[in-house]
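Okay, so here's the structure we're looking at.
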Amino acid sequence: MKFIPQSPPLVPSFGLLALRLVAGTAMAMHGWPKIQNMTSWMGPEAPVPGFLQAAAAIAEFGGGICWAIGFLTPVASLLLLVTMGVAVSMHIGNGDPFVSQGGPSWELAALYASIAVTLLLGGPGMHSVDQVVFNKKCEEV
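With the working numbering as the guide, the letters of the sequence shown map in order to residues 174 to 314.
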């Protein structure tokens, strides 16, 4: 697999743009409060050390911004995939259901992980900073 995958044709790239804009903005918004308390956002009784909490906060906030603009998309996707994988495993380990009516669940982390896989394997599409910076040739439909 190449560092930046070949971008899909023009029409599917609009779908990737919509996915990146919505998921990236939402991910950055999830990461914003965590950035404010990078090493302690999980609370004093957290089972995760502060430096790993900071890594997750940076991955969510910075990765969300990268997704939204389509910059270093594979790197951001890999970091977010790892972060969401840990989140899923922690929720499952706590006995949380996949979907909950108001309580903790691992649905959202799994959804973001699946988006990360999509963008990691499929690339950001033609409408991205990666396309401009790395000048990948794309087929048009």
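A virtual CB, placed ideally from N, CA and C, is assigned to each residue, including glycine.
Confirm, please, whether the CB-CB distance from residue j to residue i is below 7 Å.
i      : j      : result
Pro270 : Ser278 : yes
Arg193 : Ala241 : yes
Leu251 : Leu225 : no
Phe234 : Trp205 : yes
Leu245 : Ala289 : no
Ala229 : Thr256 : yes
Ser301 : Gly243 : yes
If residue i and residue j are in contact, beta carbons under 8 Å, what's the gap, nearest whole angstrom?
i      : j      : result
Pro220 : Gly298 : The pair is not a contact, with the Cβ atoms about 38 Å apart (cut-off 8 Å).
Met200 : Tyr285 : 6 Å
Thr198 : Gly237 : 7 Å
When DSSP labels each residue in this structure, what does residue i get in the three-state scheme?
i      : result
Trp205 : helix
Gln304 : helix
Phe244 : coil
Glu313 : Annotation note: pLDDT 43 at Glu313 (below 50); position unreliable, coordinate value reported separately. The answer is coil: DSSP assigns Glu313 none of H, G, I, E or B.
Gln226 : helix
Pro270 : coil
Pro185 : helix
Gly255 : Looking at the sequence itself, residue 255 is Val, so the reference to Gly does not match. Helix at Val255.
Glu233 : helix
Assign residue i to one of two classes, buried (16 or more other C-beta atoms within 10 Å of its C-beta) or exposed (fewer than that).
i      : result
Met202 : exposed
Gln247 : Note that residue 247 is Pro in the sequence shown, not Gln. It counts as buried.
Ala249 : buried
Gln304 : buried
Ala191 : exposed
Gly295 : buried
Taking 6 Å as the cut-off, is the CB of residue i close to at least one heavy atom of the ligand GDP?
i      : result
Leu245 : Only the bare structure without any ligand can be found here, which leaves the ligand GDP out of the picture.
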